[in-house]
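Here the structure is laid out as structure tokens; the discussion comes afterwards.
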Amino acid sequence: GHQRAVDSRANFIHGDLADRAQIDAALSGARPDAVMHFAAYALVPESMRDPSKYFRNNVSNGLNLLDAMVTTGVRRIIFSSTCALFGPPERVPIDETAPTHPINPYGESKLAFEKILRWYDEIYGLKFVSLRYFNAAGATENLGEDHRPETHLIPNVLKVALGQRPNVEVYGTDYDTPDGTCIRDYIHIVDLARAHILALGATTSGFYNLGTGGGSSVREVIAASRKITGRKIETIEKPRRPGDPPRLIASSEKIKEDLCWQPRFQSLDAIIASAWKWHQKFPNGYEH
């Protein structure tokens, strides 16, 4: 994350989930009605190389947060989960009843934490909503993607359009999809943010899938980016990456019915256009 992305009205505390005393102090001081838990490592390839890093941070350190919530009397949590916990789906779109068979430690770590949340609800009455993001993308006027290193497809494609990269890698062109590349369901960050606010009003614990219900392949993302930017975007084909399911598309009917959520950004073009506007305004990200 970036401190510059934090709203100036917020009270920013620099800390670490590994430090239980620090979490206790923060919760005791703020006395919040709820916690939104976003802190995690989230790179699938890295999780395949260093699984212990992911289980230690995403599971063990997350337990520090839950225990601090129990101690300080905070009884509601909104958890940032992921579609990676499903693994290769038996059917698409994927609803909340689909089997969970992660094929990478990142997805496994998120699934493990969801199971822990169920027990903390059962034993301590800690109510939770787990939001299973599909592929977060897009930008607002002043908030966009700036990871170091950047691994997400859309920002990397746009960096090629800006002349900051020579090409974008296409990992795997032999998947069982119409054009041979992976298909993902891209959801705009504004729609994700709205889901978190609505989740605060949930009356029971539960899990929700968050996507638009439409899938776009890697090649379709690149083609749309060429159209929107008007720039030439070179690609280079690479072998498949371990841990990448071929197709992930959400069914979000449950959250629409329970919490009256509706995605406002339905098209891939609109999502990419918002990201392109931000990357042009902040070509060096938050270090502008």
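Per our numbering, the sequence shown starts with residue 71, numbered consecutively.
C-beta: ideal position from N, C-alpha, C; glycine also.
Which of helix, strand or coil DSSP assigns to residue i
{"i": "H72", "result": "coil"}
{"i": "L280", "result": "strand"}
{"i": "L133", "result": "helix"}
{"i": "T274", "result": "coil"}
{"i": "T251", "result": "coil"}
{"i": "Y176", "result": "helix"}
{"i": "T243", "result": "coil"}
{"i": "F352", "result": "coil"}
{"i": "P296", "result": "It should be noted that the sequence gives Arg, not Pro, for residue 296. Residue state, collapsed to three classes: helix."}
{"i": "K308", "result": "strand"}
{"i": "H107", "result": "strand"}
{"i": "F149", "result": "strand"}
{"i": "V230", "result": "helix"}
{"i": "I83", "result": "coil"}
{"i": "S287", "result": "strand"}
{"i": "A88", "result": "coil"}
{"i": "S344", "result": "helix"}
Residue i at chain C interface by Cβ criterion, 9 angstroms
{"i": "V105", "result": "Looking at the structure shown, chain C is missing, and only one protein chain is on hand."}
Length of the line joining the Cα atoms of residue i and residue j
{"i": "V289", "j": "V230", "result": "The question names Val, yet the displayed sequence has Arg at residue 289. So the two alpha carbons sit approximately 15 angstroms from each other."}
{"i": "L113", "j": "T221", "result": "8 angstroms"}
{"i": "D103", "j": "A75", "result": "23 angstroms"}
{"i": "W331", "j": "V105", "result": "20 angstroms"}
{"i": "V199", "j": "A265", "result": "10 angstroms"}
{"i": "D31", "j": "G208", "result": "This structure leaves residue 31 out entirely; the chain is present only between 71 and 358."}
{"i": "I342", "j": "H349", "result": "10 angstroms"}
{"i": "F183", "j": "A293", "result": "37 angstroms"}
{"i": "I319", "j": "D244", "result": "19 angstroms"}
{"i": "A95", "j": "H258", "result": "34 angstroms"}
{"i": "E192", "j": "S275", "result": "10 angstroms"}
{"i": "G177", "j": "K324", "result": "21 angstroms"}
{"i": "E327", "j": "G157", "result": "25 angstroms"}
{"i": "G355", "j": "V240", "result": "23 angstroms"}
{"i": "V291", "j": "P236", "result": "17 angstroms"}
{"i": "F352", "j": "L270", "result": "32 angstroms"}
{"i": "G281", "j": "P248", "result": "20 angstroms"}
{"i": "L155", "j": "G242", "result": "21 angstroms"}
Buried versus exposed call for residue i [16 or more other C-beta atoms within 10 Å across all chains shown]
{"i": "R202", "result": "buried"}
{"i": "H72", "result": "exposed"}
{"i": "G304", "result": "The question names Gly, yet the displayed sequence has Glu at residue 304. The residue is exposed, with fewer than 16 neighbouring Cβ atoms inside 10 Å."}
{"i": "A345", "result": "buried"}
{"i": "D216", "result": "buried"}
{"i": "T57", "result": "Lying before the first or after the last residue shown, residue 57 is absent from the chain, which here runs from 71 to 358."}
{"i": "N174", "result": "buried"}
{"i": "G233", "result": "exposed"}
{"i": "D314", "result": "buried"}
{"i": "L122", "result": "The amino acid at residue 122 is misidentified as Leu; the sequence shows Ser. It counts as exposed."}
{"i": "G361", "result": "There is simply no residue 361 to check, as the chain begins at 71 and stops at 358 in what is shown."}
{"i": "K185", "result": "exposed"}
{"i": "Y190", "result": "buried"}
{"i": "Y194", "result": "exposed"}
In DSSP terms, what residue i is bridged to
{"i": "N205", "result": "Y256"}
{"i": "L318", "result": "R254"}
{"i": "F125", "result": "For F125, which the question treats as bridged, DSSP gives no partner whatsoever."}
{"i": "K197", "result": "R146"}
{"i": "V238", "result": "T305"}
{"i": "I224", "result": "For I224, which the question treats as bridged, DSSP gives no partner whatsoever."}
{"i": "I164", "result": "A320"}
Any non-hydrogen atom of the ligand ADP closer than 8 angstroms to residue i Cβ
{"i": "Q73", "result": "This structure simply doesn't include the ligand ADP, nor any ligand for that matter."}
Count Cβ pairs between the segment 100-112 and the segment 306-315 that sit closer than 8 angstroms; are there 3 or more? no
Is the segment 155-175 in contact with the segment 206-225, if contact means three or more CB pairs nearer than 8 angstroms? no
Inter-stretch contact at 8 angstroms, needing at least 3 Cβ pairs: the segment 285-299 / the segment 252-268: yes
Tell me whether the segment 210-219 and the segment 158-166 touch, counting them as touching only if at least three CB pairs, one residue from each stretch, are closer than 8 angstroms. no
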